[in-house]
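Under our numbering, think of the first position of the sequence shown as 2, with each following residue one higher.
Comments concern the structure below.
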Amino acid sequence: MQKLLQIHFDFSGPFGEAMSSQLRELAASINQEPGFIWKIWTENQDRREAGGIYLFASEETAQAYLRMHSARLKALGVSEMSGRIFDVNVALSELNHAGFARGPEPLGAE
2 MQKLLQIHFD
12 FSGPFGEAMS
22 SQLRELAASI
32 NQEPGFIWKI
42 WTENQDRREA
52 GGIYLFASEE
62 TAQAYLRMHS
72 ARLKALGVSE
82 MSGRIFDVNV
92 ALSELNHAGF
102 ARGPEPLGAE
């Protein structure tokens, strides 16, 4: 069963376009994580927070990513982070136009 992972943490920047530019390589590497389906990047410059909402194929892959990312953030000096894993209610999500609940379309499928 797919799992939604919500992570957020204090972040001093960069934000916006600078974040997009500087974290592009990191973003691309996330695509290689086992069980990874997609990520929505989140940021709030006023509150100095960042994070993301992820969809993983299973509880195990979401937990593994959370452990790895927690260690990575700690190594970068982030002392406080929040990570929570949720079930996805596919029927209700699809009713609200969340076709992504099934996962991404194959690359090049347009």
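For every residue, glycine included, the Cβ atom is placed at its ideal position computed from N, Cα and C.
Three-state secondary structure (DSSP) of residue i
i, result
"Glu50", "strand"
"Ser83", "strand"
"Gly109", "Only weak support exists for where Gly109 lies, its pLDDT of 46 falling under 50; the coordinates are left without a value."
Nearest to residue i (by Cα), restricted to the options the options
i, options, result
"Phe10", "Leu77, Glu95, Asn97 and Val89", "Leu77"
"Leu63", "Arg25, Ile31 and Ala99", "The amino acid at residue 63 is misidentified as Leu; the sequence shows Ala. For the residues Arg25, Ile31 and Ala99, the minimum Cα distance to Ala63 belongs to Ile31."
"Ser80", "Asp88, Ser71 and Ile86", "Ser71"
"Ala65", "Ser13, Gly84 and Arg48", "Gly84"
Chain-order list of residues whose beta-carbon lies under 6 Å from that of residue i (same chain, five-residue window excluded)
i, result
"Ile54", "Gln7 and Ile41"
"Glu44", "Phe16 and Ala51"
Length of the line joining the Cα atoms of residue i and residue j
i, j, result
"Ala58", "Ile38", "7 Å"
"Leu96", "Met69", "33 Å"
"Ala28", "Ser21", "9 Å"
"Pro107", "Arg25", "For Pro107, the pLDDT reaches just 46, beneath the cut-off of 50, and the residue's location in the model is therefore unreliable, although a value from the coordinates is still provided. Approximately 21 Å, taken between the alpha carbons."
"Ile86", "Met2", "12 Å"
"Gln46", "Ala19", "12 Å"
Cβ neighbours of residue i in the same chain (closer than 7 Å, five flanking residues each side left out)
i, result
"Gln23", "Pro15"
Sequence-distant residues of its chain with Cβ nearer than 8 Å to residue i (five each side left out)
i, result
"Ser13", "Arg49"
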